[in-house]
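*Asks:* Below is the structure I would like to discuss, written out as structure tokens.
Quick look at the structure:
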């Protein structure tokens, strides 16, 4: 029992509610959300430290004990993800001050961002499958609002598609929970795992596993289900795009990781094979998309899909090393995607376009922006000392060890294609003859560059500090590889 | 009873799919409503359709119903109401802004105004 667990959910919730009362006072809104963001980071850090020192922490809401009530569980993986989420959310909020525009700020932008964080942190923390659905809905509802806020034509059009896709996937989620409940008669995730191992490998469990893969795959954008993502993520402004790209898809990936390591590891021959094939196809289609477009937003958006594929390939291999690699890569990717979207946002603010053909020679006037972008792209592709490398190395190595040669090879090749796709932005956008852009003088570049620069520093430190961070990450992966640790911590047997 | 429910759920899903494949935005929204109702009924059926007293301990009834599926669909119904209401508002705004509720004509060039 530890009350620290609920604070990263509770603080943004209370902040969001309080901010509604300050709707017209933009300065107050900014201060309150910045301060609460900072407190959330501190609390999440304390939580992660506590979990690392004392093992998995659980909290039974209203003192209803584990299999009966809703349990919040903070293992190393969820604590790390909550910490990363809090940092990115804080960065996006600071960035929003000078980029989101007063019109959106007046219409409850900051409260909705806080509610989004409630949903994301809750989804990472909860230990109850139906409660996961509820937090998903909190998160999705906020994302609908963020997507449509501003009401331009493209936003409205993409919102309709996005809402429709997610309503259908929510209905499928309820259906999957219904089938699961009829088989195991419980909703507590640890208890489900125990019951499923008693049932053994029946056909119905495989059906449920695939249903969950479809539901979470829609959120996480895996191969045949990513079609809505490039359009929807293109529409909103940069900080919203950073929040979506860094957090929303990763919640889907986290859920797949959690369910496929905790519940469905008995019949790994079928389900994990399927996951592996889909992950490989996800990487390939993402890479094709990233190469096909000359629009900088589109290139980064397709890189989300590549990363999802890489992480899930690591999960599908299901060895302790590959899981460590996946956790490494997951956290790295949340950080670096937020950075890149924020940097792309600056480029769009300066030039007024995201078409690569209309941009060139920006390095002359904006050297800091250019070099930050350069380092971020190297980190994205996983050039050795930087943060993407360690995770990818572990995933590829365990891929070769378990004789999944095709997958490991595709992951290797994807690094090259990813590097090529983003280096194109650097070469064509930053080199070449300088041009004059319309917003050049008004753009608050210095302010906007602060958060992506800090996040880039994190990426560098995360890469150089791999040795230091490794024990933390491997604790997280150990829980994934041995579900008993999680079960014992929750059910206290 | 279970078979009857299964048929009802099937019909709801069928109607929902048909409506969601149509072009009019309003029909699509009605389709999503029916889809979530079908899912809720499925959840209730999968929890087991038992007869019995309300699950209050202390009343010595021979059997109790399972309260969990009911609690779950209550939550799910509230959520689907909220989402449907929001969807209707977005659809109305889109109709105002884009001047059509036909999904075919809503399709712009991807990534552009």
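Protein chains in written order, with this note's numbering: chain E, 132 to 624; chain P, 7 to 119.
Glycine is no exception: its CB is placed at the ideal position from the N, C-alpha and C atoms.
1) So which of 352/E, 538/E, 611/E has the shortest CA-CA distance to residue 396/E?
2) Taking 6 Å as the limit between beta carbons, can you name the residues of its chain near residue 112/P, skipping five residues before and five after?
3) Out of curiosity, what's the CA-to-CA distance linking residue 469/E and residue 365/E?
4) Can you give me the Cβ contacts of residue 119/P inside the same chain, cut-off strictly under 8 Å, excluding the 5 residues immediately before and after it?
5) Quick one: measure Cβ to Cβ for residue 499/E and residue 580/E, integer angstroms, because I've assumed they're closer than 8 Å.
6) Residues of chain B with CB closer than 9 Å to the CB of residue 88/P, please, in chain order.
7) What would DSSP say about residue 72/P, mapped onto helix, strand or coil?
8) Does any CB atom of chain E fall closer than 7 Å to the CB of residue 119/P?
9) Are at least three pairs of beta-carbons, each pair with one atom in the region 178-193 of chain E and one in the region 576-595 of chain E, less than 8 Å apart?
10) Measuring only between beta-carbons, confirm whether residue 95/P sits less than 7 Å from chain E.
11) Do residue 201/E and residue 262/E have their C-beta atoms closer together than 7 Å?
12) Under 8 Å Cβ-Cβ, which residues of chain E neighbour residue 34/P?
13) So, is residue 527/E buried or exposed, given that buried needs 16 or more other C-beta atoms within 10 angstroms?
14) Assign residue 146/P to buried or exposed, taking buried as 16 or more other Cβ atoms, counted over all protein chains shown, within 10 Å of its Cβ.
15) Which same chain residues end up closer than 8 Å to residue 144/E when comparing Cβ atoms and leaving out the 5 residues on each side of it in sequence?
16) Find the residues of chain E that neighbour residue 42/P, judging by a C-beta separation of less than 8 Å, and give them in chain order.
17) Which parts of the region 266-295 of chain E are runs of the beta strand (DSSP E), unbroken and 3 residues or longer, counting only runs that do not cross its ends?
18) Decide if residue 333/E is buried, meaning its Cβ has at least 16 other Cβ atoms within 10 Å, or exposed.
19) Between which two residues does the beta strand (DSSP E) containing residue 191/E stretch?
20) By DSSP, does residue 110/P sit in helix, in strand, or in coil?
21) When DSSP labels each residue in this structure, what does residue 117/P get in the three-state scheme?
22) When DSSP labels each residue in this structure, what does residue 517/E get in the three-state scheme?
23) Closest to residue 390/E by CA distance: which of 437/E, 313/E, 327/E is it?
24) Answer with yes or no whether the minimum CB distance from residue 479/E to chain P is below 7 Å.
25) At least one CB of chain P closer than 7 Å to the CB of residue 287/E: is that the case?
26) Tell me which residues share the same chain as residue 55/P and place their Cβ nearer than 8 Å to its Cβ, disregarding the 5 neighbours each side in the sequence.
27) Is residue 373/E near residue 436/E, with beta carbons less than 7 Å apart?
28) Just tell me which of 543/E, 316/E, 241/E has its CA closest to the CA of residue 280/E.
29) Hey, out of 410/E, 459/E, 212/E, whose CA is closest to residue 598/E's CA?
30) Going by alpha carbons, who is nearest to residue 138/E out of 256/E, 321/E, 163/E, 623/E?
31) The alpha helix (DSSP H) with residue 202/E in it runs from where to where?
32) Check each residue of the region 240-264 of chain E: if its Cβ is closer than 8 Å to any Cβ of chain P, include it; give the result in chain order.
33) What residue from 133/E, 134/E, 161/E has the CA that sits closest to residue 146/E's CA?
34) Taking C-beta to C-beta, are residue 467/E and residue 590/E nearer than 7 Å?
35) Can you find the residues in the same chain that come closer than 6 Å, C-beta to C-beta, to residue 286/E, ignoring five residues on each side of it along the sequence?
36) In chain P, what lies closer than 9 Å to residue 291/E by C-beta?
*Replies:* Per the coordinate set shown:
1) The residue labelled residue 396/E in the question sits at position 265 within the first chain. It is 611/E.
2) Taking the second chain and counting its residues from 1, the one referred to as residue 112/P is at position 106. Cβ within range, chain order: n/a, list empty.
3) By 1-based counting over the first chain, the position of residue 469/E is 338. By 1-based counting over the first chain, the position of residue 365/E is 234. Each residue's Cα considered, the two are about 14 Å apart.
4) On the second chain, position 113 is the one that residue 119/P refers to. Interpretation of residue 119/P is limited by its pLDDT of 48, a score under 50 that renders its predicted location unreliable; no figure is taken from the coordinates.
5) Here residue 499/E corresponds to residue number 368 of the first chain, with the count starting at 1. Here residue 580/E corresponds to residue number 449 of the first chain, with the count starting at 1. Indeed they touch by this definition, with Cβ atoms about 6 Å apart.
6) The chain inventory of the structure shown lacks chain B, comprising the protein chains E and P.
7) Here the question's residue 72/P lines up with position 66 in the second chain. Residue 72/P falls in the coil class under three-state DSSP.
8) As a position in the second chain, residue 119/P is number 113, starting the count at 1. Because the pLDDT of residue 119/P is 48, which lies under 50, any placement of that residue in the model is unreliable, and the number read from its coordinates should be weighed accordingly. Yes, residue 119/P counts as interfacial toward chain E.
9) no
10) In the second chain, counting from the first residue as 1, residue 95/P sits at position 89. Not closer than 7 Å to any Cβ of chain E, the Cβ of residue 95/P fails to qualify, so no.
11) As a working note, residue 201/E is residue 70 in the first chain. As a working note, residue 262/E is residue 131 in the first chain. For residue 201/E and residue 262/E, yes; Cβs fall inside 7 Å.
12) Position 28 of the second chain, counting from 1, holds the residue named residue 34/P. Within 8 Å of the CB of residue 34/P, the CB atoms of chain E belong to 295, in sequence order along the chain.
13) Here residue 527/E refers to the residue found at position 396 when the first chain is read from its first residue. Burial call: buried.
14) The structure shown does not extend to residue 146/P, since chain P is modelled only from 7 through 119, so no value can be given for it.
15) The residue labelled residue 144/E in the question sits at position 13 within the first chain. The residues are 245, 246, 249.
16) Counting from 1 along the second chain, the entry for residue 42/P is found at position 36. By Cβ distance, chain E contributes 298, 301, 302, 305.
17) none
18) The count along the first chain starts at 1 and reaches residue 333/E at position 202. So residue 333/E counts as exposed.
19) The sequence position of residue 191/E within the first chain is 60, counting from 1. Taken as a continuous stretch (DSSP letters only), the beta strand (DSSP E) holding residue 191/E covers 188-191.
20) Position 104 of the second chain holds residue 110/P. DSSP places residue 110/P in helix when its eight states are reduced to three.
21) As a first step, residue 117/P is located in the second chain; it is residue number 111 there, counting from the start. Caution applies to residue 117/P, whose pLDDT of 48 falls short of 50 and renders its modelled position unreliable; the model cannot decide the point.
22) Counted from its first residue, the first chain places residue 517/E at position 386. Coil.
23) Within the first chain, numbered from 1, the residue matching residue 390/E stands at position 259. When each option's Cα is compared against that of residue 390/E, the closest is 327/E.
24) For the purposes of this step, residue 479/E is taken as residue 348 along the first chain, with counting starting at 1. No - not a single Cβ of chain P is within 7 Å of the one on residue 479/E.
25) Walking along the first chain from the start, residue 287/E turns up at place 156. Interface residue, yes.
26) Walking along the second chain from the start, residue 55/P turns up at place 49. 7, 8, 11, listed in sequence order.
27) Within the first chain, residue 373/E is the residue found at index 242, counting from 1. Within the first chain, residue 436/E is the residue found at index 305, counting from 1. No, Cβ-Cβ distance for residue 373/E and residue 436/E is not below 7 Å.
28) Taking the first chain and counting its residues from 1, the one referred to as residue 280/E is at position 149. The shortest C-alpha separation from residue 280/E is found at 241/E.
29) By 1-based counting over the first chain, the position of residue 598/E is 467. If we check each option's Cα against that of residue 598/E, 459/E comes out closest.
30) Your numbering for residue 138/E matches position 7 in the first chain. Closest by alpha carbon: 256/E.
31) On the first chain, residue 202/E is found 71 positions in, with the first residue counted as 1. For residue 202/E, no alpha helix (DSSP H) run applies; the uninterrupted beta strand (DSSP E) run containing it begins and ends at 202-205, by DSSP.
32) Listed by position, the residues of the region 240-264 of chain E near chain P (Cβ gap below 8 Å) are 261, 264.
33) Taking the first chain and counting its residues from 1, the one referred to as residue 146/E is at position 15. With distances taken between Cα atoms, residue 146/E lies closest to 161/E.
34) In the first chain, the residue the question calls residue 467/E occupies position 336. In the first chain, the residue the question calls residue 590/E occupies position 459. For residue 467/E and residue 590/E, yes; Cβs fall inside 7 Å.
35) Taking the first chain and counting its residues from 1, one reaches residue 286/E at position 155. Excluding sequence neighbours, residue 286/E sits near 279, 366.
36) Against the first chain, residue 291/E aligns to sequence position 160. What residue 291/E touches in chain P: 31, 34, 93, 96, 97, 100, 109, 112.
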